[in-house]
Amino acid sequence: MAGRLEGKVALISGAARGQGRSHAVRLAQEGADIIAFDVCQQLPTVGYKMATPEDLKETAKQVEDLDRRIIAREADVRDGAAVRALVEEGVAELGRLDIVSANAGIATFVPNAWEMADDVWEETIAVNLTGVWKTLKAAIPAMIDAGNGGAIVITSSTAGIKGMAGIAHYDSSKHGVVGLMRTLAIELAPHSIRVNTVHPTGVNTPMVVNDYMAQFLSDDFAAANMMNLLPVEMVEAVDISNAVLWLASDEARYVTGTCLPIDAGFLQK
Ligand SMILES: NC(=O)c1ccc[n+]([C@@H]2O[C@H](COP(=O)([O-])OP(=O)(O)OC[C@H]3O[C@@H](n4cnc5c(N)ncnc54)[C@H](O)[C@@H]3O)[C@@H](O)[C@H]2O)c1
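Take the sequence shown: its letters are residues 1 to 269, numbered as in this note's numbering.
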């Protein structure tokens, strides 16, 4: 049986591990070839260990094990020229570009919005908001040129829908991508390119399963950010991948401009 993304090519940012790797594997399982990238470096304001070049190689291996093609490169979402060069290489090699998962992101925690250091605010906005815009700016011309339509899925967060203590910078960046999504949904509709956001609750990835996060969550006020309605502490990366897959597939052909929570009911509380 043909996969749901047979013959399609997907660009995925932050693909070295966590949700990005899971998206690469899940989309490849459904027939997509993958253009993957990740910064694979520690950023100065991030308090947990970020992905490594070995992590990105492991993603490539897992996609190749599925007999799909993958181009995996180290690149920073803040470096528009690097992302453009990767898109060019990917399209030359794999023939087209149909899907973008703008997934890369960082999360840090502060006592409150007014005592946050400037560099913490600036790095988060640069990666989580401006980096998404730069990723899409690099990818959209290739999608329009191909003339096949397509789907863009931006990874926001439950923090892109409601306020949360200790993460004003993250919350602002994740609300910001919703505005970008809504605008692009309008601008790209004539090209049959759909644009949506996914809004995960806590996901079992190295971003939140680490000592830095454990320290943050020991505060009751902050821990409320992680309490779901359904009896599950965190969802798994594949739960988000399945939502990205659906939004990227023809099953969602008339879905655009929407925010899709995968939140175990968190936003209803
Ligand atoms: N884990 C959660 O609880 C959770 C909840 C809601 C939303 N999210 C969002 O999901 C997305 C994926 O996060 P994850 O949970 O897989 O975390 P993760 O830390 O495991 O993965 C994020 C990846 O992005 C990469 N990255 C960071 N900055 C980059 C940059 N400047 N350029 C390129 N790559 C960069 C990292 O190296 C890492 O591999 C993020 O946007 C995150 O904000 C996560």
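All residues carry an ideal CB built from backbone N, CA and C; glycine is no exception.
| request: Measure from the alpha carbon of Ala92 to the alpha carbon of each residue in Pro111, Ala104, Gly80 and Ile70, then state which is nearest. | output: Relative to the Cα of Ala92, the nearest Cα in the group Pro111, Ala104, Gly80 and Ile70 belongs to Ile70.
Query raised in the report: Name the DSSP bridge partner or partners of Phe275?
Result: No answer is possible for residue 275: the residues shown for the chain start at 1 and end at 269.
Going by other Cβ atoms of all chains shown within 10 Å of its Cβ, with 16 needed for buried, is Met181 buried or exposed?
By the 16-neighbour rule on beta-carbons within 10 angstroms, Met181 is buried.
Notebook entry, point to check: With a cut-off of 8 Å, does the C-beta of Gly80 fall near any C-beta of chain D?
Noted result: Protein chains in the displayed structure number just one, and chain D is not present.
Could you pull the DSSP bridge partners for Lys195 from this structure?
Per the sequence shown, the amino acid found at residue 195 is Val instead of Lys. Val195 is bridged to Ile152.
*Consider the C-beta atom of Thr256 and the heavy atoms of ligand 1; say whether any pair is separated by less than 7 Å.*
Distance from the C-beta of Thr256 to the nearest heavy atom of ligand 1 is not below 7 Å.
Checklist entry - Within this structure, are the beta carbons of Thr201 and Val235 separated by less than 8 Å? => result Between Thr201 and Val235, the C-beta spacing is below 8 Å.
### Query
With which residues is Ala102 paired in a DSSP beta bridge?
The partner list for Ala102 (beta bridge, DSSP) reads Ile154.
Per-residue burial, Gly18 [other beta carbons within 10 Å of its own, 16 or more giving buried] | That one is buried.
For Val63, three-class secondary structure by DSSP: Here Val63 carries a helix assignment [DSSP, helix/strand/coil].
Margin query: Relative to the C-alpha of Leu260, which candidate in Asn228, Met143, Val153 and Ile167 has its C-alpha closest?
Written below: Leu260 has its Cα closest to that of Val153, out of Asn228, Met143, Val153 and Ile167.
- Message: Could you tell me the alpha carbon to alpha carbon distance between Val238 and Asn112, rounded to whole angstroms?
- Response: Their backbone Cα atoms lie some 32 Å apart in a straight line.
Legend entry - Residue of Val9, Ala189 and Asn196 minimising C-alpha distance to Val178: The residue among Val9, Ala189 and Asn196 with its C-alpha nearest the C-alpha of Val178 is Asn196.
Leu229: which of Leu129, Gly265, Arg194 and Gly176 sits nearest, CA to CA? Of the listed residues, the one whose Cα sits closest to Leu229 is Gly265.
When you measure from the CB of Gly106 to every non-hydrogen atom of ligand 1, does any distance come out below 7 Å?
A small fix is needed here, since residue 106 is Ile in this sequence, not Gly. Yes, the beta carbon of Ile106 sits closer than 7 Å to at least one heavy atom of ligand 1.
Which same chain residues end up closer than 8 Å to Thr52 when comparing Cβ atoms and leaving out the 5 residues on each side of it in sequence? Excluding sequence neighbours, Thr52 sits near Ala16 and Cys40.
Within 7 Å: the Cβ of Gly20 and any heavy atom of ligand 1? At a threshold of 7 Å, Gly20 counts as near ligand 1, since its beta carbon sits closer than that to one of the ligand's heavy atoms.
Hey, would you say Thr59 sits closer than 8 Å to Gly105, going by beta carbons? Against a cut-off of 8 Å, the Cβ pair of Gly105 and Thr59 comes out as no contact.
The beta strand (DSSP E) spanning Leu267 covers which residue range? No beta strand (DSSP E) contains Leu267, which DSSP labels as neither H nor E.
**Prompt:** Should Pro141 be counted as a contact of ligand 1 given a C-beta to heavy atom distance under 7 Å?
**Reply:** Pro141: no, Cβ never under 7 Å from ligand 1.
* What number of angstroms, rounded off, separates the C-alpha of Thr124 from the C-alpha of His169? -> Here the alpha carbon of Thr124 sits roughly 6 Å from the alpha carbon of His169.
Practice task
Return the CA-CA distance between Arg84 and Ala139, expressed in angstroms with no decimal places.
Solution key: Going by C-alpha positions, Arg84 is about 7 Å away from Ala139.
query = What residue from Ala82, Ala36, Val77 and Ala81 has the CA that sits closest to Lys61's CA?
reply = Nearest C-alpha to Lys61: Ala36.
message: Can you list, in chain order, the residues of its chain with a C-beta nearer than 7 Å to that of Gln268? Leave out the 5 residues immediately preceding and following it.
response: Non-local C-beta neighbours of Gln268 in its own chain, meaning closer than 7 Å and more than five positions away in sequence, comprise Leu229, ordered along the chain.
*What's the C-alpha gap between Asp76 and Glu233?*
Roughly 31 Å separates the two Cα atoms.
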